[in-house]
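J.: Just so you know, we're using our numbering here: the sequence shown kicks off at 1 and counts up by one. Idealized CB from N, CA, C, for every residue including glycine.
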Amino acid sequence: MPENNLFHLAFPVDDLQKAREFYGGVLECEEGRSSECWINFNLYGHQIVTHLAESGAGVKASNNVDADHVPVPHFGIVLPMAEWKALADRLKAKGVEFVIEPKIRFEGEIGEQATMFFLDPSGNALEFKGFADLSTVFAK
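1) Whole angstroms is fine: what's the gap from Leu-27's alpha carbon to Ala-88's?
2) Using a 10 Å radius around the Cβ and a threshold of 16 neighbouring Cβ atoms, would you call Val-137 buried or exposed?
3) Using the beta-carbon count (16 or more within 10 Å), is Asn-124 buried or exposed?
4) Assign Gly-130 to buried or exposed, taking buried as 16 or more other Cβ atoms, counted over all protein chains shown, within 10 Å of its Cβ.
5) Run through DSSP, which three-state label would Glu-112 get?
6) Give me the DSSP bridge partner(s) of Gly-130.
7) What three-state label does DSSP hand Phe-98 in the structure shown?
8) With DSSP as the reference, identify every bridge partner of Asn-40, one or two as the case may be.
9) Between which two residues does the alpha helix (DSSP H) carrying Ala-19 extend?
10) Given that a residue counts as buried once 16 or more other Cβ atoms are within 10 Å of its Cβ, and exposed if not, what is Phe-106?
If you want it as structure tokens, here you go:
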């Protein structure tokens with residue numbers, strides 16, 4: 001995929017002000033356009049849009065992945081390892097409660113990655129992954 005392609009994700013939240021505080025304040029995403037029923041954010045160069053929907057947000061299930069119960073659905077981003085570590089440290093300092101604490105998954109195997117999961121105020125699960133070498137993201 002060319003590097004200039006951007007990812008777009010629209011998802012439900014039950015309180016736009018809490019979403020603004022979380023995505024803008026905690027995750028430090030730049031806010032873009034907005035209305036009374038949605039807010040557009042820049043998440044590491046990708047567009048995420050929080051849409052006001054009083055039902056429909058949150059975790060629906062979980063799957064077992066490397067001994068963790070991974071929340072489903074979830075979304076997030078893959079970062080170079082140094083950026084992932086900086087984000088994990090910043091989130092810990094801000095008191096973010098993790099569903100899955102920052103850790104290394106598949107250690108020593110193909111696909112080794114750092115991962116962390118946490119919820120936004122509406123209960124949407126986010127996963128941030130870190131790779132020492134981004135060219136191995138899809139390695140088998």
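T.: Per the coordinate set shown:
1) By one-based count along the sequence shown, residue 27 stands at place 27. By one-based count along the sequence shown, residue 88 stands at place 88. If I take the Cα positions, the gap works out to 11 Å.
2) Position 137 of the sequence shown, counted from the first residue, corresponds to residue 137. Val-137 comes out exposed.
3) Your numbering for residue 124 matches position 124 in the sequence shown. Asn-124 should be labelled buried.
4) Working through the sequence shown from its first residue, we reach residue 130 at position 130. It is buried - the Cβ of Gly-130 has at least 16 other Cβ atoms within 10 Å.
5) If you number the sequence shown from 1, residue 112 lands on position 112. Coil, per DSSP.
6) Residue 130 sits at position 130 when you count from the first residue of the sequence shown. The partner list for Gly-130 (beta bridge, DSSP) reads Leu-79, Ala-114.
7) As a first step, residue 98 is located in the sequence shown; it is residue number 98 there, counting from the start. Correct three-state label for Phe-98: strand.
8) Position 40 of the sequence shown, counted from the first residue, corresponds to residue 40. Asn-40 pairs with Val-49.
9) Taking the sequence shown and counting its residues from 1, the one referred to as residue 19 is at position 19. Taken as a continuous stretch (DSSP letters only), the alpha helix (DSSP H) holding Ala-19 covers 16-19.
10) Within the sequence shown, numbered from 1, the residue matching residue 106 stands at position 106. Under this definition Phe-106 is an exposed residue.
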